[in-house]
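A.B. asks:
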């Protein structure tokens, strides 16, 4: 570990040792004295190699999240953390590898198969799996029965596509209101903001004082419920919510007649850190006892189908563009749609540089070839 680089990391972000310790507080493993020692050569006199092996991954994770929460781009996060942790840091793979126009033409494609602009544009372009179908069914039932669901997954795992698919299906049923509060900084979202956003969604001017606005909202929700309509509150980036706002979600869920009938379902989407930092904290026991957590599945075993599906949408044939062994390597190294697409495009870029019309396994091999996996097929790459 480069201790001078760690000190520079704190200085560049105008953060003191105590402030960073407070940020890391949910882990319970990183104290102020520990962070002080990390700024000293040879870990000062207080951190043994055995201790570092235990806390090191937590320090790396919180440094990464700290930069993510400040909106730093992936390439900058990788640069900073590689300077601090050197070979112990595994770079994030969340930015897109893009094909230039001449590359698209070289492979006889209509467009870049894995670019952000070519993400599913409608339901017909979505590749699904039985695991994703299961999540969709559970969320649909939660909306119908006013339940509390939280879908967690890393960046690039397909949460946005899944959310769009759920919203598309529910809206076709009619009498269902899906409300997505949108704020530039979700960390600053509060209960009052949600109440007034919902009232504006229904075309009402909210009362200024929160208690009165809440009564106003509950009366409107009561009328909608009496007319057989369902209301669902969808919250993005739940891992960024403040403690007070997270606690308030329970109160939104409990809005109802005072009897058995509730007015709202609450559906949240976020990163896995939400479970470790919030749900496993005794302070949020009441939330943890009410919410059903769903984890986004890995797409590794469907990598061949995903590549074939996306290449087909771009006017190409994956069998002609990718050697089977190359696809197995992509599957072994990638677990999310974003990572699969990145690695597939890197293979295409390398093939273009070599003047090859097909991605060969050797274009993707590292020092040791990843273990080969048997890929499960989704019949016809269904959408």
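Residue numbers (this note's numbering): 502 to 884.
No residue lacks a Cβ here, since even glycine has one placed at the ideal position from N, Cα and C.
If I follow the unbroken alpha helix (DSSP H) through residue 579, where does it start and stop?
C.D. replies: Segment 575-586, the alpha helix (DSSP H) holding residue 579.
A.B. asks: For residue 514, I'd like the list of residues in its chain whose CB is within less than 6 Å of its CB, leaving aside the five on either flank, ordered along the chain.
C.D. replies: Excluding sequence neighbours, residue 514 sits near nothing in its chain.
A.B. asks: Could you please give the first and the last residue of the uninterrupted alpha helix (DSSP H) stretch that includes residue 663?
C.D. replies: Where residue 663 is concerned, the enclosing alpha helix (DSSP H) stretches over 660-672.
A.B. asks: Could you check whether the Cβ of residue 731 sits closer than 8 Å to any Cβ belonging to chain D?
C.D. replies: Here there is only one protein chain, and chain D is not present.
A.B. asks: Which residues share a DSSP beta bridge with residue 757?
C.D. replies: The partner list for residue 757 (beta bridge, DSSP) reads 763.
A.B. asks: Could you tell me which of 817, 726, 828 sits nearest to residue 764, measuring between CA atoms?
C.D. replies: The shortest Cα separation from residue 764 among 817, 726, 828 belongs to 726.
A.B. asks: What do you get for residue 673, buried or exposed, if any count of 16 or more other CB atoms within 10 angstroms of its CB means buried?
C.D. replies: Looking at its Cβ environment, which holds fewer than 16 other Cβ atoms inside 10 Å, residue 673 is exposed.
A.B. asks: Give a yes or no on contact between the region 668-684 and the region 649-659, applying the rule of three or more CB pairs nearer than 8 Å.
C.D. replies: No contact exists between the region 668-684 and the region 649-659.
A.B. asks: If the criterion is Cβ atoms closer than 8 Å, does the pair residue 785 and residue 808 meet it?
C.D. replies: Not a contact, by the Cβ cut-off of 8 Å.
A.B. asks: How many whole angstroms separate the CB atoms of residue 735 and residue 721, which I take to be in contact at a CB cut-off of 8 Å?
C.D. replies: That belief does not hold up - the Cβ atoms of residue 735 and residue 721 are roughly 18 Å apart, past 8 Å.
A.B. asks: Is residue 709 buried or exposed, if buried means 16 or more other CB atoms sit within 10 Å of its CB?
C.D. replies: Result: exposed.
A.B. asks: Quick one, which of 667, 661, 739 has its alpha-carbon nearest residue 686's?
C.D. replies: Minimum Cα distance to residue 686 is reached at 739.
A.B. asks: Would you say residue 787 and residue 751 are within 8 Å of each other, going by their C-beta atoms?
C.D. replies: Going by C-beta atoms, residue 787 is nearer than 8 Å to residue 751.
A.B. asks: Cα-Cα, which of 689, 700, 628, 856 is closest to residue 810?
C.D. replies: Comparing Cα-Cα distances from residue 810 to each of 689, 700, 628, 856, the minimum goes to 628.
A.B. asks: Exposed or buried, residue 660, counting other C-beta atoms within 10 Å across all chains shown (16 or more means buried)?
C.D. replies: That one is buried.
A.B. asks: Take residue 826 as the anchor and find which of 853, 642, 684, 805 has the nearest alpha-carbon.
C.D. replies: Considering only alpha carbons, the answer is 805.
A.B. asks: Among 741, 557, 586, whose alpha-carbon lies nearest the alpha-carbon of residue 689?
C.D. replies: Nearest option by C-alpha distance: 741.
A.B. asks: By Cβ distance below 8 Å, which residues in the same chain neighbour residue 793 in space, the five residues on each side in sequence not counted?
C.D. replies: If we look at residue 793 and ignore the five residues flanking it on each side, its Cβ neighbours are 639, 643, 648, 649, 650, 651.
A.B. asks: Quick one: grab the DSSP three-state call for residue 651.
C.D. replies: It is a strand residue.
A.B. asks: With 16 other CB atoms within 10 Å as the buried threshold, where does residue 494 fall?
C.D. replies: As shown, the chain starts at 502 and ends at 884. That puts residue 494 outside it, with no answer to give.
A.B. asks: Taking 8 Å as the limit between beta carbons, can you name the residues of its chain near residue 783, skipping five residues before and five after?
C.D. replies: Nothing meets the Cβ criterion.
A.B. asks: With DSSP as the reference, identify every bridge partner of residue 678, one or two as the case may be.
C.D. replies: Beta-bridge pairing links residue 678 to 732.
A.B. asks: What residues in its chain sit with their C-beta under 8 Å from that of residue 680, if we drop five residues either side in the sequence?
C.D. replies: Taken in chain order, the residues that qualify are 698, 699, 702, 732, 733, 734, 735.
A.B. asks: Assign residue 766 to buried or exposed, taking buried as 16 or more other Cβ atoms, counted over all protein chains shown, within 10 Å of its Cβ.
C.D. replies: When all chains shown are included, residue 766 counts as buried.
A.B. asks: Under 8 Å Cβ to Cβ from residue 745, same chain only, skipping five residues before and after it: list those, please.
C.D. replies: These residues qualify, in order along the chain: 691, 692.
A.B. asks: Determine the direct distance from the alpha carbon of residue 773 to that of residue 729, and round the result to whole angstroms.
C.D. replies: Spanning the two alpha carbons is a distance of roughly 35 Å.
A.B. asks: Does the Cβ-Cβ distance between residue 831 and residue 821 come in under 8 Å?
C.D. replies: Cβ atoms of residue 831 and residue 821: not closer than 8 Å.
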